Structure formats: structure tokens, C-alpha cells
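Taking it in order: structure first as C-alpha cells, then the write-up.
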Amino acid sequence: MDREEARRELARLRAEIERHNELYYVRDAPEITDAEYDRLFRRLVDLEEAFPDLVTPDSPSQRVGGRPLEQFAQVRHSIPMLSLQNAMDEGEVRAFDDRVRRFLSRSEDLDYVLEPKFDGLSVELVYRDGLLVQASTRGDGVTGEDVTANVRTIRAIPLRLRPRNQALDLFGSPAMPRLLEVRGEVFMPLDRFEALNRAREQAGEPPFANPRNAAAGSLRQLDPRVTASRPLDFYAYAMGATDGFEVSSQWELLQALREMGLPVSDLPRRVRGIEAVIEEYRRLEALRDRLPFEIDGTVVKVDSFALQRELGEVSRSPRWAIAFKFPPRREVTRVVDIVEQVGRTGVLTPVAELEPVRLGGVLVRRATLHNEDEVRRKDVRVGDFVEVQRAGDVIPDVVRVRTDLRPADAVPYQPRTTCPACGGPVSRQEGEVARRCVNASCPAQLKEHLVHFASRRAMDIEHLGDRVADQMVERGLVQSVADLYRLTREQVLTLDKMADKSATNLLQAIDRSRERPLERLIFALGIPQVGEALARSLAFRYGSLDALEAECDQPPGDEDPLMQVEDVGPKVAQAIRGWFAQPENRALLRRLREAGLRTTSGAGEGSADPAFAGKTFVFTGTLRSMTREEGQARVLARGGKVSGSVSRKTDFVVAGEEAGSKLAKARDLGVRVISEEEFLAMLGP
Numbered sequence: 049m050d051r052e053e054a055r056r057e058l059a060r061l062r063a064e065i066e067r068h069n070e071l072y073y074v075r076d077a078p079e080i081t082d083a084e085y086d087r088l089f090r091r092l093v094d095l096e097e098a099f100p101d102l103v104t105p106d107s108p109s110q111r112v113g114g115r116p117l118e119q120f121a122q123v124r125h126s127i128p129m130l131s132l133q134n135a136m137d138e139g140e141v142r143a144f145d146d147r148v149r150r151f152l153s154r155s156e157d158l159d160y161v162l163e164p165k166f167d168g169l170s171v172e173l174v175y176r177d178g179l180l181v182q183a184s185t186r187g188d189g190v191t192g193e194d195v196t197a198n199v200r201t202i203r204a205i206p207l208r209l210r211p212r213n214q215a216l217d218l219f220g221s222p223a224m225p226r227l228l229e230v231r232g233e234v235f236m237p238l239d240r241f242e243a244l245n246r247a248r249e250q251a252g253e254p255p256f257a258n259p260r261n262a263a264a265g266s267l268r269q270l271d272p273r274v275t276a277s278r279p280l281d282f283y284a285y286a287m288g289a290t291d292g293f294e295v296s297s298q299w300e301l302l303q304a305l306r307e308m309g310l311p312v313s314d315l316p317r318r319v320r321g322i323e324a325v326i327e328e329y330r331r332l333e334a335l336r337d338r339l340p341f342e343i344d345g346t347v348v349k350v351d352s353f354a355l356q357r358e359l360g361e362v363s364r365s366p367r368w369a370i371a372f373k374f375p376p377r378r379e380v381t382r383v384v385d386i387v388e389q390v391g392r393t394g395v396l397t398p399v400a401e402l403e404p405v406r407l408g409g410v411l412v413r414r415a416t417l418h419n420e421d422e423v424r425r426k427d428v429r430v431g432d433f434v435e436v437q438r439a440g441d442v443i444p445d446v447v448r449v450r451t452d453l454r455p456a457d458a459v460p461y462q463p464r465t466t467c468p469a470c471g472g473p474v475s476r477q478e479g480e481v482a483r484r485c486v487n488a489s490c491p492a493q494l495k496e497h498l499v500h501f502a503s504r505r506a507m508d509i510e511h512l513g514d515r516v517a518d519q520m521v522e523r524g525l526v527q528s529v530a531d532l533y534r535l536t537r538e539q540v541l542t543l544d545k546m547a548d549k550s551a552t553n554l555l556q557a558i559d560r561s562r563e564r565p566l567e568r569l570i571f572a573l574g575i576p577q578v579g580e581a582l583a584r585s586l587a588f589r590y591g592s593l594d595a596l597e598a599e600c601d602q603p604p605g606d607e608d609p610l611m612q613v614e615d616v617g618p619k620v621a622q623a624i625r626g627w628f629a630q631p632e633n634r635a636l637l638r639r640l641r642e643a644g645l646r647t648t649s650g651a652g653e654g655s656a657d658p659a660f661a662g663k664t665f666v667f668t669g670t671l672r673s674m675t676r677e678e679g680q681a682r683v684l685a686r687g688g689k690v691s692g693s694v695s696r697k698t699d700f701v702v703a704g705e706e707a708g709s710k711l712a713k714a715r716d717l718g719v720r721v722i723s724e725e726e727f728l729a730m731l732g733p
């Protein structure tokens, strides 16, 4: 076969394979068998290997994941991906309709489009001249993560769009948008979710809690080959920036996206007036349990884009849309046992083990009982029949006991006096609802502490999750988080499913974590009452772990110096001092220093910038030169304080583009408002 024949054959094969991908993954109407599909794909790969210069970016062969990434790159959305306000009942959605019509000064009914609220992970796909060039997660709405390599493995997503028939170029041929940002949801169908969990359990791996977690965990894999092995799907429902793409309404957009080869759900409906909205909501709720994927409500959108632009946004949510949530699913099942789980801070949480019950396509076997007082308030007993719901459609929760069904032999709950993980003593401090294991060497606490220490917002150690942490503790490789920095390659290779490359990745991730900022280390230590914001404040105030430790060595006196730190009150100060007073914790700090971890911030109280020191800043709107999180970090680094709400104690409100209600409140209170340019001038060169 000569080169020209190969080019024509490759073009035919690519078009045919993508057509079969759409038939199978989007329309659920396959025309050929898997074996026939495999032969077509094998023919494509063989030809591309023979003519490598003819491989194109949109070839189906390019869906296969490439080499693993070190970390995800950040992507700033050209138009922020806004979050939706929620309506929990018919009254709230009627109030939404009233607000919209009042804002538009209209008395007549409006056209709305209702779409299922998918329970997955929001993403943005960027197509240039019809070719998929980038994909990113929603992130914080302004900045997401680049997951292009992973999204390319999802066969429902076209690598190249089809032109719309009614869109013609200057020569009368079908035109392709120069730019089209498509927004939608990556999710995992219920049957594939259950099959994946069965496979994980058979492999000795922990199952995913629900389809949303499975989808998010699968898409956010640094190794695209892992994503390629996961059964992900996608539906498109919105757009971002465009160039050469014209539609006038949400309903027209959905039809156009489908026409261009993007998967669009068949469930959306266009209706007129709020009564029709409520009727359609009820129809979709009745369908909910028969759908092959998870939804937790319906999204109600004003159909006209012209009206959407007139309505605008407020507080980073559109005025023209609302999420009309379904009530939590509830089922009745029996309590088989009540056990207690140990968290990383030693807190024992009672958990009801249940006869398996299906809640919205997820098989629920356990539900939290929160704490001893809650168990007694609800009077949950072993043998009871209880109503269970998934709070927020995620966490199973016991709502109430069906005392009318209570068997005569139901057994009241008896809290343990010893830890179920280590057998150590359990105590309950006066004024607290929590019961804690006081053994600092408790293996259950160590597992949870390892996972927290390695989490993304703490030391960010990739590849160290629940399964790896469990094995490290069970095999005695670590007795504290400091032992992570003494692990050898030979030790890591003894872990299940840990090959050379995996071991190298884990050890490199551990080594990189030595240079994390001080505030991340303070948060990672798991000090009671110390979250991310307080960890930042402590890092700035003291500048080093040595200084913070020395402060805790001194008697607090009448006015504890710790309480001069933002958000530190008497109980928090006592918790911090109590943690540093434990000999095993002091030993842990010593070993972390010996391991070479960064224990200084480079900024202490004396290095504060006078323009920022002690001043409280609030950010609103979208900044062009940085994310709001970056702006907040710069304020903290200079000795300032950051708040999420405006009050009379606020010194500056930094107003970016599309600033919302915080700007209005600042003006009402007479708080000084500065632009992004003025903020940059304060920062200096």
C-alpha cells in the first residue's frame, strides 16, 4: 500500500471507528460485535505503525493513556464556571420564578429548560476548529486542573466535532467554530460502578463509596491509563467562551451540541411557566430510581440567552438558574450490629452495620450514628428497623427508629470502655460528646493520620492512600508519619501491587513533600482544632515550628499569647498546648526535623509589611492577574488577615470583575473598596 492509499484508508477507519464509538457509548445502539470493532481498531493501529507520520491528534488510537504525569497543571477558565443556588422545595422554586420575573419586570410566564442534575464531576472541554485541545476540571470555578490526557480516554467524548448543517462558511461548506468551550459532567453509570467495585473488592482494594467519588477519583488520576480502564461517561449541557458559534437559547444549544456529535441527555425538557416546571420536576423525580445513572435533582434555567445576560450573576451564582434538589432517598432496613470506628484523633464513632439496602442505585451496608449522645437520643438498638437516608445523597445516615417494628429482643447500645483497634483505654472529657482512645500508638489512629498527613491539602504525597497506609501499618513499616521518610525501596516493594515504577513514584512523592510550606506541615500534624486557615495563621505568627513549640513550653499566664492569633480562643489554645505537651508528639517533631522537613516559613511577626499587618482583606469577583486564593496567600504572607465575609472590622475589599453582594455590603458599611490594580500596587514590585 502506498502512502496515498494509506491516508485514504486511515481516514475511512477513523471515521468508521468514531461512528461506532458514538453508536455504542452515546446512542446505546451498537451495529457490530466487539470482535468486529477490535478488528477495525487493530487495522487502524497497524496502519499507523507503518505510516507514523500520518497519525492525527483526533485518531481513536490516541485515546489510549500516555505516560503518567508528575502533577496536574492549573487551567484558568476564560469564563468562570459558576455554582448554582439550591431550591429544596416547591416554595423556594416559586420564589426563584418570582425573583426572575420581578428583576425582568415581566408578569407573563417565562420559558424554562429543565435538565437532570448529574451527580458527577464538572469539566470543561475546549475545541479549536473542531479539535479537542484541552480539558479541565471545574476546580474552584475560576481555576481547575488540566485533565486533557484523561478525558481523551472517555470514548463518549468526540476528539473532533462534526460541523452543524445550518452553519456554512464563505464557500457554502459546513463551518466549524473557531473556538467552542463545552461544559458538562463526567459520571459513572450505576451498573459499571457496581462492576468496578466488585472487581476492586476481589482484588483486595477498598470499594468506592458512591458513583460520584468513583468518577472524580478516576478522572483525577496522574496515570491516564488508569482512567482509560475506568467506565466513565459524559453529558454536555452548557458552553463557555465561543468564537464562530451562534445560538440564542439553552434549548437551541443542547440541540446544536448533539448535532455536533457531543453526548447530550434525552431527559431535558422546555416548558413555559413555573407550574409546568414543578410538574416536570415531579416527572423526573418519579423516573429517578429507574435511570442508569445518579441524579440528585433538576437544574432549572431561563431558556433565552438574552434574558440570561440581562439577569446576570450574584455572589458567583447565576440569577437565571437554580438547582431544584430531590428530597433524600429513604429506605427501611435492620440494624445487624453497632460497632465503633477510630479516627485519626482517636475519636470513636458508632456505626450501624445494616442488612444491605439499595439507596438510589448504591448498596448501603453501614450508616453513621455520629456519637454516643445521638445513639441514645434516637434510641438505636441492635435488631431495630430504621429509616436510612443518604444525606446530601452521599453519606448514609440513620434518620429514625421504627419503634412500631421493634423486636422484643432488640439490644440497647453499650459504648465500649476500650478501643476496638488497640484495646487501650477510652475517655470522654467533660463538656465533649466525643469519646477518644488515649493511646497515641493506636494503629487505627496511625492509619488515619497517615492518610491525612499525605492528603492533598496537607503534605500532598501522591500514591499514599487508604490501601497503602493500611499495609504500611499492618506490616510494621511505620510507627509514625516520620517513618515515611526512612522507607527504603526494598520495604516499599513488599507492599501488594507495588511494582518498580509505583515504588519509585511513591518514594519521589514522599521526598518532594519535605519542601512543603510550614503551614501545610502544621495542618498535616493533625493538631486538634487546627484547620488550614489556623495553620496559616500560626505559621505566619511564629515563623517556625521551633518558635511555636517554644511558645507552648511557656506557662500561658493570665492572657495566653496563643490567643492573639486569629481564631484562637481558650479551647483552641488549650488543644494546641495539649498536643505539644504529649512526649510522643515532641518525639515526632524531632524525627521530622531530622528527616529534613521544612520547619520555617521565612516570615515571622517581625517581617510583616506595615501596609498589610493586622489588616483584614475580603476578595470578591474575578481577578485577572491571579486567583483569589493566590491573592489571599499574598495577604497572609505579608501579615494581613483574610475573611470570607464583609463586616465593619474589614479594612479592604478587593473587587475584581463581576463582583457580587460583598461589594454592595462594603459600600453600605463604608468599607474601603480597592481595585485589582490598587491591590497590586500595595503588593509592590
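Using this note's numbering, the letters of the sequence shown map in sequence onto residues 49 to 733. Backbone N, C-alpha and C define an ideal beta-carbon position, used for all residues, glycine too. Every value quoted in this text rests on a predicted model; they were computed, and no experiment measured them.
Remark: C-beta atoms of Val436 and Val405 approach each other more closely than 8 Å. Gln493: member of the alpha helix (DSSP H) spanning 491-502, first to last residue. As the crow flies, the alpha-carbon of Met546 is around 16 Å from that of Arg248. Leu671 places its beta carbon less than 8 Å from that of Gly679. In this structure, Leu61 places its C-beta atom within 8 Å of the C-beta atom of Leu88. By the Cβ criterion, the region 347-363 is in contact with the region 293-312, since at least three pairs of Cβ atoms, one from each stretch, lie closer than 8 Å. In the three-state reduction of the DSSP assignment, Cys467 falls in the coil class, being assigned neither a helical nor a strand state. Separation of the CB atoms of Val230 and Tyr175 is rounded to 7 Å, and the pair is thereby assigned contact status at 8 Å.
Around the beta carbon of Met611, a 10 Å sphere encloses fewer than 16 other beta carbons of the protein chains shown; the residue is thus reported as exposed. Between the alpha carbons of Phe235 and Arg317 lies a gap of roughly 21 Å.
Around the beta carbon of Ala369, 16 or more other beta carbons sit within 10 angstroms, so the residue counts as buried.
In the three-state reduction of the DSSP assignment, Arg378 falls in the strand class. Collapsing the DSSP output to three states places Leu411 in a strand.
Under DSSP, the beta-bridge partners assigned to Ser723 are Ala703.
Distance from the Cα of Phe144 is smallest, within the candidate group Leu228, Glu323, Val190, for Glu323. For Val620, the enclosing alpha helix (DSSP H) covers residues 618-629. Within a 10 Å sphere around the beta-carbon of Arg203 sit 16 or more other beta-carbons, which makes this residue buried. Secondary structure note for Ser170: its beta strand (DSSP E) is the uninterrupted segment 169-176. Within the DSSP bridge table, the entry for Phe282 names Val234 as partners.
Ala135 is bridged by DSSP to Phe372. Burial is judged here by how many other beta carbons sit within 10 angstroms of a residue's own beta carbon; Arg715 has fewer than 16 and is exposed. Annotation: the continuous alpha helix (DSSP H) that includes Ser550 extends over 548-560. Under a 10 Å Cβ-count criterion, Arg147 is classified as exposed, with fewer than 16 other Cβ atoms of the shown protein chains found around its own Cβ. Straight-line spacing of the CA atoms in Ala681 and Asp271 works out to 30 Å. DSSP places Phe241 within a helical segment (H, G or I) once states are collapsed to three. In the DSSP annotation of this structure, the continuous segment of the beta strand (DSSP E) that includes Lys165 starts and ends at 159-166. Restricting attention to Ala506, Arg537, Ser592, Leu555, the CA atom closest to the CA of Gly579 is found in Ala506. According to the DSSP secondary-structure assignment, Ile386 is paired through a beta bridge with Ala400. Following the DSSP letters along the chain, one finds Gln122 inside the beta strand (DSSP E) bounded by residues 122-124. Arg584 and Val694 have their C-alpha atoms some 20 Å from each other. Between the region 387-394 and the region 482-499 there are three or more inter-stretch CB-CB distances shorter than 8 Å, so the stretches are counted as touching. Looking at the DSSP output, Lys349 sits in a beta bridge with Val161, Ala369.
In this chain, the alpha helix (DSSP H) harbouring Ala262 covers 259-267. Rounded to the nearest whole angstrom, the C-alpha separation of Pro460 and Met674 is 56 Å. Counting along the chain, the unbroken alpha helix (DSSP H) around Glu66 starts and ends at 51-69. With fewer than 16 other beta carbons inside 10 angstroms of its own, Gln250 counts as exposed.
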